[in-house]
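Position 412 (the sequence shown) corresponds to 415 in this note's numbering; numbering is contiguous.
Think of the CB as a built atom: it goes at the ideal place given N, C-alpha and C, for glycine as much as any other residue.
Working notes, structure below.
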Amino acid sequence: MSMSVGVERIAESRPAVAATGAEQRTTVPVRPTDPGHEAPRAIVTARRTDIFALLGAAVAAVCLTSLLFTRFLPFDGVLGFVACAYLLFLGLYAALVGLDESGPAVRDRLAAVFVHTLAIAMLVALVVVVVFTFWRGRDALAMGNFYWQDMRDAGPLQPLSIGGIRHAIGGTLEQIAIALAVTVPLGLVCAVFLSEVPGPLSRVVRVVVEAMTALPSIVAGLFVYATVILTLGLPKSGFAAGLAISVMMLPIVIRAADVVLRLVPGTLREASLALGASQWRTVWHVVLPTARSGITTAIILGTARGVGETSPVLLTAGFTAITNLNPGEGPQVSLPLFVFDAVRRPDPAMIARGFGAAAVLMALVLLLFVLARLAGGRPVGQLSRGQRRRRAAASRRDARRFAAAARERAARRARQDSGQIRPDPEVDHV
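Written out as structure tokens, the structure is:
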């Protein structure tokens with residue numbers, strides 16, 4: 004009796020279903036529109052008090068430094084003013100943050116401000132160097148002959164409408180190409196040896212490479228001059244200059260590539276070796292493709308080191324005012340050497356040519372950087388648009404081939420069922 008009463012109460016408590024037989028639907032609850040409802044808080048790293056502390060410390064530091072330099076201390080100069088203001092800014096910022104935070108938080112904020120200011124200072128210095136170089140060389144850069152003429156007919160007192168840097172551009176490109184042709188294979192082989200073949204010999208090679216990174220450029224030029232030009236009897240040429248530049252680039256490429264190859268997970272090597280691949284195939288097909296982006300960065304670092312060398316080129320290639328595109332014979336000049344020779348002249352036209360050549364050198368380095376990034380900067384496993392199209396086309400070809408094979412097997416089975424051909428167990432199994 005009590006059970007039947009309970010069932011009736013449960014049935015009465017359930018919502019009634021319409022007589023038309025329509026099913027109940029789940030409705031999403033409507034969010035309250037009460038103005039007093041608390042909105043979700045936004046998670047931000049910088050608070051308003053932090054911004055006020057930064058601005059207050061900066062303004063107070065500038066004002067105190069101005070007062071000290073004009074009233075109390077016998078100091079002057081922009082550099083001293085900036086250094087004093089920065090030290091006062093750090094002290095005042097630490098004091099303001101200490102009013103609300105504890106000791107570890109104050110040290111953390113102070114370290115963060117110090118690191119960010121250093122980054123901003125480096126960025127400002129880079130922008131100033133680039134803008135100043137282009138500004139000083141604007142007159143030469145605006146001349147069309149500056150890019151396709153050499154200094155054969157241009158003297159120190161000739162206007163900018165005569166003469167250019169064609170010979171320096173050609174020499175730089177040839178010397179860097181020779182240096183890269185020597186450095187890239189030797190550097191990668193040595194880096195693979197250091198990372199994949201540990202032992203006493205690899206430790207000795209690593210020590211030698213680390214010592215060569217501090218090798219002065221003039222010593223590299225003297226080494227190539229003594230061995231290639233004096234001992235072997237080869238003339239001063241772009242080839243000798245490329246060898247001298249490669250001596251400067253080689254330790255940079257080896258060290259950077261060695262660090263990148265060490266970052267490749269050991270599980271990838273173990274998986275390749277477990278599948279039966281040799282160590283050489285593991286390095287060629289697993290390790291090097293995985294570290295492709297880092298190896299490209301190592302080559303870029305080495306190129307940036309070698310493209311600005313002046314003294315090795317002067318010792319091994321000499322100096323010339325005409326265009327010499329034969330790297331095997333005759334003196335050859337590069338853009339850094341042309342800049343060095345031009346900016347030390349007293350006449351404004353040659354100084355403008357020097358700054359214009361420096362601007363062209365920076366643009367050339369930027370172009371090489373972009374090309375290297377396009378060639379090897381794509382992350383592992385990420386395909387380009389063309390590779391994705393080729394992969395999709397190959398998949399469609401495989402799908403058509405599988406469909407044709409399936410139709411052929413179906414037609415063969417139909418002929419077998421009709422008794423036209425005898426069954427072939429091997430074909431039927433496939």
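Continuous alpha helix (DSSP H) stretch holding residue i: start and end
{"i": "T299", "result": "295-310"}
{"i": "W151", "result": "148-151"}
{"i": "Q161", "result": "Per DSSP, Q161 belongs to no alpha helix (DSSP H) and is neither H nor E."}
{"i": "D420", "result": "388-421"}
{"i": "S314", "result": "314-320"}
{"i": "Y228", "result": "It is not in any alpha helix (DSSP H) - Y228 carries neither H nor E in the DSSP assignment."}
{"i": "E213", "result": "203-215"}
{"i": "Q335", "result": "Unbroken run through Q335: none, as it is neither H nor E."}
{"i": "A63", "result": "51-70"}
{"i": "W283", "result": "282-285"}
{"i": "R107", "result": "Checking the sequence shown, residue 107 turns out to be Pro, not Arg. First-last of the alpha helix (DSSP H) with P107: 106-139."}
{"i": "L90", "result": "81-101"}
Simplified DSSP state of residue i, which is helix, strand or coil
{"i": "A273", "result": "Looking at the sequence provided, one finds Glu at residue 273 rather than Ala. In this structure, E273 counts as helix in the three-state DSSP scheme."}
{"i": "G245", "result": "helix"}
{"i": "S198", "result": "helix"}
{"i": "A345", "result": "helix"}
{"i": "A361", "result": "helix"}
{"i": "A14", "result": "Only weak support exists for where A14 lies, its pLDDT of 46 falling under 50; the coordinates are left without a value."}
{"i": "I181", "result": "helix"}
{"i": "V267", "result": "coil"}
{"i": "G236", "result": "coil"}
{"i": "F75", "result": "helix"}
{"i": "M154", "result": "coil"}
{"i": "V257", "result": "Rather than Val, the amino acid found at residue 257 in this sequence is Ile. Helix, per DSSP."}
{"i": "L218", "result": "coil"}
{"i": "A375", "result": "helix"}
{"i": "G174", "result": "helix"}
{"i": "G279", "result": "coil"}
{"i": "D434", "result": "Nothing in the structure corresponds to residue 434, since the chain is present only between 4 and 433."}
{"i": "I354", "result": "helix"}
{"i": "L328", "result": "coil"}
Contacting residues, own chain, Cβ-Cβ under 7 Å from residue i (five flanking each side not counted)
{"i": "L197", "result": "S205, V208, R209, D261"}
{"i": "G467", "result": "This structure leaves residue 467 out entirely; the chain is present only between 4 and 433."}
{"i": "A223", "result": "A247, V250, M251, P315"}
{"i": "T300", "result": "A259"}
{"i": "L91", "result": "A64, L67, T68"}
{"i": "V231", "result": "L237, A243, L246"}
{"i": "V286", "result": "V195, E199"}
{"i": "I303", "result": "F372, A375"}
{"i": "T52", "result": "D103"}
Chain E within 7 Å of residue i, Cβ atoms only
{"i": "W151", "result": "Absent here is chain E; the protein component of the structure consists of one chain."}
Close beta carbons around residue i, own chain, < 6 Å, minus the five adjacent residues each side
{"i": "S421", "result": "none"}
{"i": "A345", "result": "M353, R356, G357"}
{"i": "V185", "result": "S249"}
{"i": "G297", "result": "V263"}
{"i": "R415", "result": "none"}
{"i": "Y228", "result": "L318, T319"}
{"i": "P254", "result": "V212, M215, T216"}
{"i": "M154", "result": "G166, A324"}
Whole-Å CB distance - residue i paired with residue j, under 8 Å assumed
{"i": "L57", "j": "Y96", "result": "7 Å"}
{"i": "T68", "j": "A88", "result": "4 Å"}
{"i": "V363", "j": "L338", "result": "7 Å"}
{"i": "V256", "j": "L271", "result": "The pair is not a contact, with the Cβ atoms about 23 Å apart (cut-off 8 Å)."}
{"i": "T326", "j": "G173", "result": "6 Å"}
{"i": "Q335", "j": "G241", "result": "4 Å"}
{"i": "A61", "j": "L99", "result": "Not really, about 11 Å apart at Cβ, beyond 8 Å."}
Cut-off 8 Å between Cβ atoms - residues of its own chain near residue i, not counting five sequence neighbours on either side
{"i": "D350", "result": "P159, L160"}
{"i": "T136", "result": "F358, A361, A362, M365"}
{"i": "R284", "result": "S275"}
{"i": "P162", "result": "A352"}
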